[in-house]
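What follows is one structure encoded as structure tokens, with my remarks underneath.
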Amino acid sequence: MSAADVIDETVVPLEASDLRAGYGRKRVLDGITLPGLNPGEITALVGPNAAGKTTLLRVLARLLPASGRIALGTDDLLRVGRERHAATVTYMPQALPQQVALTVFESVMSSLMATPDSVPGGKREAMRWTGAVLERLEIADLAMTSLDQMSGGQRQLASLAQAVVREPRILLLDEPTSALDMHHSHNVMRLTRDLARERAMIVVMVLHDLTLACRWADRIVLMCDGAMVTSGTPQAAITPQTLGAVYQVEARVERCSNGFLQVMVDDTLPGRMS
Amino acid sequence: MTGQVGQISPAARYTVMIRRRRVLLAGLAAALVLAFLADLMTGPSTLTPMDTLRILFWPDAATRPLKVIVWDVRLPGAVMAILVGGALSLAGAEMQTVLNNSLASPFTLGVASAASFGAALAIVLQVGIPWIPATWLVPANAFAFAFGSVLLLQAVSRLRGRGPETLVLFGIATFFTFNALVALMQFIATQEALQQIVFWMMGSLARANWEKAAILAAVLACLLPFSVAASWKLTALRLGEDRARSFGIDTVRLRFVALLRISLLTATAVAFVGTVGFVGLVGPHIARLMIGEDHRFFLPASLFTGALVMSLASIASKLLVTGVLVPVGVVTSLIGIPIFIALILGRPERS
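Protein chains in written order, with numbering that gives the first Met the number 0: chain H, 0 to 273; chain C, 0 to 350.
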């Protein structure tokens with residue numbers, strides 16, 4: 000089904016409120032409420048280890064049971080049917096499994112064909128979409144290369160292709176740049192941002208690299224201990240005060256000549272067991 | 000790599016690749032037919048290919064002894080070799096995918112061990128399912144235990160986490176438990192029963208008959224369409240559990256149903272020919288190296304490679320020692336391992 004059939008056609012923000020989730024008896028998210036996340040924008044979830052970033056992402060992907068509400072228009076994404084959810088939201092894990100003997104084209108095809116109605120025109124149309132996505136991500140040359148014979152940067156683009164080919168309205172990325180060098184990190188971020196703008200996708204990603212987050216994200220959600228500390232534009236959310244409170248570090252945040260923020264850490268602050 | 004192929008669209012290159020895969024599958028099928036004929040030709044009295052074909056297609060024109068040799072002695076075994084190899088390899092292929100472990104196979108996860116224990120129980124203690132005729136006691140018991148072991152695997156994985164890791168670990172525990180139980184049976188067995196157990200566990204096509212072949216063929220024919228129907232989902236599962244779930248695939252159900260198929264295939268095959276370990280592991284690996292993991296091709300290719308390895312093993316089992324039928328389970332490993340190693344060493348290095 001095309002993006003237009005899913006939910007409604009007006010461009011509506013994603014509103015998550017009072018989300019509670021955990022693993023077994025351990026509560027990780029304790030009633031977190033996010034600001035409205037707009038189509039076409041990238042939101043970066045940042046925060047120290049064990050802040051609950053990945054848990055929040057998995058809750059949004061409905062990979063983890065949770066209570067609360069995730070509203071997109073009139074739908075509550077925690078309660079819609081499996082097919083409707085899958086047609087709206089796509090989750091991209093940190094990495095592809097090792098040693099998968101599939102070519103890039105096959106892997107992207109299977110992302111469409113895995114569920115019968117994710118592409119209206121059947122196999123022929125799926126092939127067209129796949130080809131277009133590979134061209135868009137500039138990996139058409141790698142179409143017939145096996146995933147297990149690609150470099151980390153190439154694999155990450157293949158992984159992104161598998162997700163965006165489904166044309167989700169909400170794209171969730173778990174540390175999409177964790178294994179990549181500078182060039183490939185920024186390449187993945189730029190392509191993701193451009194796709195978000197082109198397709199009016201709501202993109203939410205977990206990021207560890209604050210410089211990357213400040214450079215490419217439209218909005219930053221700073222998390223700590225399963226709760227949101229602050230959110231807003233990089234300029235608003237990333238300050239020496241918030242970094243000190245969340246990461247326990249003595250940091251300087253400076254605006255560079257090109258307008259982007261640069262975070263510099265001088266030392267750790269006492270008070271937190273590391 | 001880049002540059003010179005830039006003009007041809009990815010979709011067009013994909014179409015070419017699909018065509019090549021079809022040709023490869025057809026090639027495998029042709030090789031299987033040849034191996035099958037060769038299997039019919041070999042034995043104490045060697046037949047020419049022409050004779051074999053003539054007896055096969057015009058049995059009434061052949062002399063009675065030749066007809067008996069081909070139709071009653073060799074054909075059931077040759078057919079059984081293909082069915083058993085195909086069934087175990089298909090089961091292994093699905094198992095490796097749903098458990099996300101390239102070492103998974105009906106043998107390594109204890110299904111065959113459970114079958115051995117069932118057989119040993121019937122041989123040593125004459126304990127088995129009630130109202131089963133005596134001649135079917137051993138296979139019926141082997142089937143029940145093999146099937147039961149997979150159900151147990153499922154039940155335990157439902158209790159504690161649902162991921163494939165739990166299943167693999169529990170499968171290994173099953174393997175050792177049943178091996179210990181079989182050893183116990185061997186320890187208390189009489190000389191005669193002991194010999195019977197050992198022989199059963201080595202695996203043999205000599206036990207084949209038309210009845211057993213028909214049952215296994217029917218099981219295979221009933222389950223294959225379901226495997227084929229699930230092939231896109233299984234391919235997507237290779238991209239990772241969370242990703243597949245996010246695509247809307249019910250991975251718990253997919254795994255559960257696949258394991259049901261696997262248990263039926265394995266239990267039926269092992270019940271009739273005994274433990275034939277290696278084919279369920281090596282068949283899928285050969286298929287994967289040849290044809291990749293698009294399961295629309297990978298599953299049938301696994302079926303063919305498994306059948307081919309088993310058919311070749313059946314031929315070798317007759318040729319290895321003149322006049323002696325070496326147990327096919329032994330030969331499968333001896334034949335399969337060199338092919339396996341050659342393929343692994345021959346594949347391109349990974350980056």
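The C-beta atom is built at its ideal place from N, Cα and C for all residues, glycine as well.
- Contact between C/A312 and C/V330 holds, with the beta-carbon distance rounding to 4 Å and staying under 8 Å.
- Shown here for C/R295: same chain residues with a beta carbon closer than 6 Å to its own, the five before and five after excluded, namely S230 in chain order.
- Nearest CB-CB separation between H/E137 and chain C: not below the 8 Å threshold.
- When C-beta atoms of the region 209–229 of chain H are compared with those of the region 244–257 of chain H, three or more pairs fall below 8 Å, so the two segments count as touching.
- Taken in chain order, the complete alpha helix (DSSP H) segments of 4 residues or longer contained in the region 162–215 of chain C are 163–187 and 190–201.
- Going by beta carbons, C/P105 and C/I261 fall inside the 8 Å limit.
- Taking a beta-carbon distance threshold of 8 Å, H/E82 counts as an interface residue toward chain C.
- Note that the C-beta distance between H/I138 and H/V103 is below 8 Å.
- Cβ-Cβ separation between H/S117 and H/R168: approximately 13 Å, too far for a contact (criterion under 8 Å).
- C/F303 is outside the set of residues whose beta carbon lies under 8 Å from a beta carbon in chain H.
- Within the region 20–82 of chain H, the complete alpha helix (DSSP H) segments of 4 residues or longer fall at 52–59, listed in chain order.
- Against chain H, the beta carbon of C/P9 has neighbours under 8 Å at F104, T129, G130, L133, E134, A139, A142 and M143, listed in chain order.
- Linking H/M181 to H/T210 through their CA atoms gives a straight-line distance of about 11 Å.
- In the structure shown, H/E124 falls within a helical segment according to DSSP collapsed to helix, strand and coil.
- Counting only the Cα atoms, H/L62 lies some 11 Å from C/A243.
- Residue-level contact by beta carbon holds for C/G291 and chain H, with a gap shorter than 8 Å.
- When Cβ-Cβ separations below 8 Å define contact, H/A178 makes no contact with chain C.
- If you draw a straight line from the Cα of C/L333 to the Cα of H/Q93, it comes to about 41 Å.
- Under the three-state reduction of DSSP, C/M94 is assigned to helix.
- In the three-state reduction of the DSSP assignment, C/G282 falls in the helix class.
- C-alpha of C/V269 to C-alpha of C/A114: approximately 7 Å in a straight line.
- Along the region 234–253 of chain C, the positions whose C-beta sits under 9 Å from a C-beta of chain H are T234, A235, L236, R237, L238, G239, E240, D241, R242, A243, R244, S245, F246, G247, I248 and D249, read in chain order.
- Neighbours of C/N99 across chain H, judged by C-beta separation under 9 Å: P96.
- With a cutoff of 8 Å on beta-carbon distance, C/P75 and C/N208 are scored as near each other.
- Here the region 127–145 of chain C makes no contact with the region 71–88 of chain C; the two share fewer than three CB pairs at distances below 8 Å.
- Following the DSSP letters along the chain, one finds H/C223 inside the beta strand (DSSP E) bounded by residues R218 to C223.
- In the three-state reduction of the DSSP assignment, H/T238 falls in the coil class.
- Taking 8 Å as the threshold, the shortest C-beta distance from H/P92 to chain C falls below it.
- Contact annotation: the region 319–328 of chain C does not touch the region 87–94 of chain C, with fewer than three C-beta pairs closer than 8 Å.
- Listed in chain order, the beta strand (DSSP E) runs fully inside the region 210–256 of chain C amount to none, counting runs of at least 3 residues.
- Between the alpha carbons of H/V203 and C/G162 lies a distance of about 26 Å.
- Close to chain C, meaning a Cβ-Cβ distance shorter than 9 Å, are the following residues of the region 47–80 of chain H: R57, A60, R61 and L62.
- Of C/L55, C/V72 and C/S112, the smallest CA-CA separation from C/A182 is found for C/S112.
- Taking one beta carbon from each stretch, the region 41–59 of chain C and the region 189–202 of chain C have fewer than 3 pairs nearer than 8 Å; the two do not touch.
- Within 10 angstroms of the beta-carbon of H/Y90 lie 16 or more other beta-carbons, which makes it buried.
- For H/Q261, the enclosing beta strand (DSSP E) has its first and last residue at L260 to T267.
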